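A.B. asks: My structure is below; once you've seen it, I'll send some questions.
Residue numbers (UniProt numbering): 1 to 357.
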């Protein structure tokens with residue numbers, strides 16, 4: 001089997017809820033759908049959703065990369081996923097969102113070729129994942145109202161965005177806990193919004209309201225600050241923007257800078273390197289989460305397959321598709337009831353794509 005064509009299509013993700021975070025308040029997001037065709041008639045689909053804040057990529061970077069890869073990877077065996085990553089990495093440093101789009105399409109092809117869903121190809125720990133639901137930064141009372149709505153929809157885990165105003169953050173957490181009661185799990189994500197001593201103070205206030213995990217409280221480069229916070233609070237500390245690669249994961253572990261690592265396919269470069277990050281974390285006794293950018297159902301299906309396949313991935317933040325309008329021409333066979341996602345048993349990523357490329 002050989003790759004005959006790599007094509008792409010840019011689409012816009014339209015939000016249906018306000019979603020502001022400490023590092024960005026974008027209301028519309030473009031994403032790139034990737035199509036990889038083969039001479040065996042097997043076609044795979046992936047997604048490249050860049051982030052200038054996290055990965056340093058924009059849409060133009062992604063589309064230029066994919067256009068070049070159409071020439072570079074033509075004639076390669078799509079089942080040789082490791083080799084294809086070597087080729088992409090040798091030619092380009094970074095470009096993780098573009099690499100992820102190709103990677104996801106290759107795993108979709110591999111699943112279709114073998115007749116297996118991707119989560120089984122990767123290990124098949126379970127066919128279900130429990131995802132949280134995220135609440136963006138807003139007036140504290142509005143955040144509490146949205147928390148109530150999500151709990152009424154069946155979510156048992158809420159992820160709260162913080163990091164712009166410490167006083168408002170504490171008030172939002174207080175009101176949310178008051179609104180949802182003691183049995184709902186609360187996590188927070190500061191998106192690099194605090195400095196280290198401030199973070200310790202705020203996190204200790206959060207602890208009074210049962211916040212269990214805190215994600216990326218300080219800038220991505222501040223590994224020392226992350227360790228300082230981890231050593232001075234009770235909560236589990238998670239790294240996100242600090243860990244893009246297996247090498248970053250190794251450094252995080254060596255410097256004892258976190259308790260949990262958030263893996264995102266768009267920042268790791270796809271499933272292949274994401275498995276390496278998880279293996280490094282698992283060997284060191286750290287658990288992982290699979291998160292997402294503002295992706296369509298394609299990226300979410302791939303993230304869910306990874307999360308379901310690995311027992312060491314005990315957290316999931318795969319909610320972005322629920323905060324935006326459905327994209328015409330993109331369907332997937334996974335289902336969701338409350339926070340519980342049940343994966344498709346169809347070969348590959350379980351996608352039904354009807355788009356003009």
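Glycine included, C-beta positions come from ideal geometry on N, C-alpha and C.
Values in this document were obtained by computation on a predicted structure and should not be read as measured data.
1. Evaluate the contact criterion for the region 203-221 versus the region 237-249: three or more CB pairs, one atom per stretch, below 8 angstroms.
2. Tell me the DSSP secondary structure of residue 291 in three-state form.
3. If you drop the 5 nearest sequence neighbours on each side, which residues of the same chain put their C-beta closer than 7 angstroms to that of residue 202?
4. Which residues mark the beginning and the end of the beta strand (DSSP E) in which residue 174 is found?
5. For residue 338, which residues of its own chain have a beta-carbon under 8 angstroms away from its beta-carbon, when the five flanking residues on both sides are left out?
6. What do you get for residue 105, buried or exposed, if any count of 16 or more other CB atoms within 10 angstroms of its CB means buried?
7. Among 324, 273, 141, which residue has its Cα nearest to the Cα of residue 178?
8. Applying the 10 Å Cβ sphere with the 16-neighbour rule, what's the burial state of residue 31?
9. Closest to residue 315 by C-alpha separation, out of 330, 290, 336, 321, would be which residue?
10. By DSSP, does residue 93 sit in helix, in strand, or in coil?
11. Round the Cβ separation of residue 358 and residue 14 to the nearest angstrom and send it over; I've been treating them as touching at under 8 angstroms.
12. Apart from the five residues just before and just after residue 241, which ones in its own chain have a Cβ nearer than 7 angstroms to its Cβ?
13. In the DSSP assignment, the alpha helix (DSSP H) including residue 248 goes from what residue to what residue?
14. Which ranges would you report for the alpha helix (DSSP H) in the region 133-160 if only whole runs of at least 4 residues count?
C.D. replies: Taking the structure as given:
1. Segments in contact, yes.
2. Coil at residue 291, not helix or strand.
3. The residues 166, 169, 170, 194, in chain order, have a CB closer than 7 angstroms to that of residue 202 in the same chain once the five nearest residues on each side in sequence are set aside.
4. Not the beta strand (DSSP E): residue 174 falls in the alpha helix (DSSP H), residues 166-180.
5. These residues qualify, in order along the chain: 153, 154, 155, 156.
6. By the neighbour-count rule (16 or more Cβ atoms within 10 Å), residue 105 is buried.
7. Considering only alpha carbons, the answer is 141.
8. So residue 31 counts as buried.
9. Ranking the options by Cα distance to residue 315, first place goes to 290.
10. In the structure shown, residue 93 adopts coil according to DSSP, grouped into three states.
11. Given a span of 1 to 357 for the chain in the structure shown, any question on residue 358 remains unanswerable.
12. Residues 54, 192, 216, 220 of the same chain have their beta carbon placed closer than 7 angstroms to that of residue 241, with the five preceding and five following residues left out of the count.
13. Segment 246-254, the alpha helix (DSSP H) holding residue 248.
14. Counting whole runs of 4 or more residues, the region 133-160 contains the alpha helix (DSSP H) stretches 140-152.
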